[in-house]
Every structure is written in C-alpha cells, then in structure tokens.
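Below is one structure; the comments refer to it alone.
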Amino acid sequence: MALRGPPPETEDQLRLRFQVELEFVQCLANPNYLNYLAQRGYFKDPNFINYLKYLLYWKDAEYARYLKYPMCLYFLDLLQYEHFRRELVNAHCSKFIDEQQVLLWQHYTRRRTRLLQNKADALQNHCANNVAGGAATNNVNASSSTPPSNSTPNSNSNSVPVPTSISNNIGGSNSTNNNGIDIGPNIGAGRLKTE
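One point on numbering: in UniProt numbering, the residue at position 167 of the sequence shown is 167, and numbering is uninterrupted.
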C-alpha cells in the first residue's frame, strides 16, 4: 500500500493560506504581539520555529511587494535566533523595541519631509532663476527693433513667458513612480527639462 500525501489545495484554499500567512507575517512587525507569543510559549515549540523558517519565503520580492509593514521581515529574521526569542518574554525588551521602532518612524518621516521641502525649494529657486533670466533676455530684446520670437503682438511688455517644460510641471498635477504608485505633485527638481 503506497502512502499518499495530502490532496492538492484548491485555488480558494491557496488564496486563503496566502491571506492568513500575509496577515501573520505582518503581525510580526508589532513587538507587543511578539511579546504575547513569547509569554505563551510559542517560541519554545519546535513546530512553530519551523513555521517561522518556512515564512522566510516572504523575503522574496515576488511576495514582499504585498507587505504594508516591511519591518516585519526584519523581525522575522531576528526570530530565527533563539536568543532573540528568549528575550521577547521580557516586557521591558519588547517595550524598548517598540520605542525604537517609533523613533525610527519619526526620524524617517522628518527626514523625508525635509528632503521633499529641499526639493521643492530647489525647484522654486530654479524656476525663479529661469524666469529672471528670461526677463533679462526679454528686456534686451525689447530694446531692439524686432519683438522676441516667443511673444505675441498684444503681450504686455512686463509679462515674462514661462518655458513650456517648466509650466507643464507646475500646477499640482500628480505623478506616479515606475510601479504606478501615486507619489504626489510634480515637485521634484529632477523633473525639469532644460531647453
């Protein structure tokens, strides 16, 4: 009599397993949940340790793109070490990890805000320099007998034409990155085209 393995999973069962494992892996980003698991002895169970090793496939880019909390992969790596699992029983350890995680998020948020503000300032300065440079060119052209090539006969002599490559990037239109994710208004200095 030949031994048979479990029957193959249906598509619904595969989808459900994917969702359950995704949710569980993301829960690992919460140090308080890790403390809960440690205090109830889950990290002493060899079957649970093997399950944590099995879940390392979430580190592959094919699966990691579904994660909302990438910090969970860091904790999944740490959970492979017995010493880390033992320390999680201590509430002070999990509280310290939680505080460090919040500090990391705050630093990241402040740094990202600062970088975006610097890019916006650089863009504004670049636009102002281009407009000011265009005004100086127009004043020189206004003193000559022929009008500049980019002005209309009814244009006001005080108006400054804005190059179309700059005006196309101003106005609050949103942009997407290579993955199709909305990254907000076009304020990046790298979006300007030189003429």
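We put the CB at the ideal spot given by N, CA and C, even for glycine.
Residue i - containing alpha helix (DSSP H), residue span
i: F24; result: 11 to 27
i: N32; result: 31 to 39
i: L88; result: Element bounds for L88: n/a, residue is neither H nor E.
i: K53; result: 46 to 54
i: F43; result: It is not in any alpha helix (DSSP H) - F43 carries neither H nor E in the DSSP assignment.
i: Y74; result: 71 to 78
i: Y63; result: 61 to 64
Integer-rounded CB distance, given that residue j should sit under 8 Å from residue i
i: V25; j: L76; result: 7 Å
i: L88; j: N50; result: Actually they do not touch by this definition, with Cβ atoms about 18 Å apart.
i: Y69; j: A29; result: 4 Å
Between the CA atoms of residue j and residue i - distance to the nearest angstrom
i: L116; j: C127; result: 16 Å
i: N158; j: N118; result: At N158, the pLDDT of 47 sits below 50, so the modelled position is not reliable; the number obtained from the coordinates is stated separately. Taking the straight line from one Cα to the other gives about 30 Å.
i: F48; j: N125; result: 57 Å
i: N129; j: Y63; result: 46 Å
i: Q13; j: Y54; result: 18 Å
i: T109; j: L78; result: 24 Å
i: L103; j: R114; result: 16 Å
i: Q101; j: R4; result: 47 Å
i: R112; j: Q106; result: 10 Å
Residue closest to residue i, alpha-carbon to alpha-carbon, out of the options
i: M71; options: T10, E11, K53, P31; result: P31
i: A61; options: L14, L73, L52, I97; result: L73
i: G41; options: I97, R85, L103; result: R85
i: P46; options: L14, V131, Q80; result: Q80
i: E82; options: I97, L123, Y33, L52; result: L52
i: I97; options: R111, T113, Y33, R65; result: Y33
Spatial neighbours of residue i in its chain, beta-carbon cut-off 8 Å, leaving aside the 5 residues before and after
i: L67; result: L22, V25, Q26, W58, L73
i: P6; result: none
i: R17; result: E9
Sequence-distant residues of its chain with Cβ nearer than 6 Å to residue i (five each side left out)
i: A38; result: L88, V89
Chain B within 8 Å of residue i, Cβ atoms only
i: I97; result: Protein chains in the displayed structure number just one, and chain B is not present.
Same chain, Cβ closer than 7 Å to residue i, five either side skipped, listed in chain order
i: A91; result: N35
i: S94; result: P31, N32, L34, N35, L88
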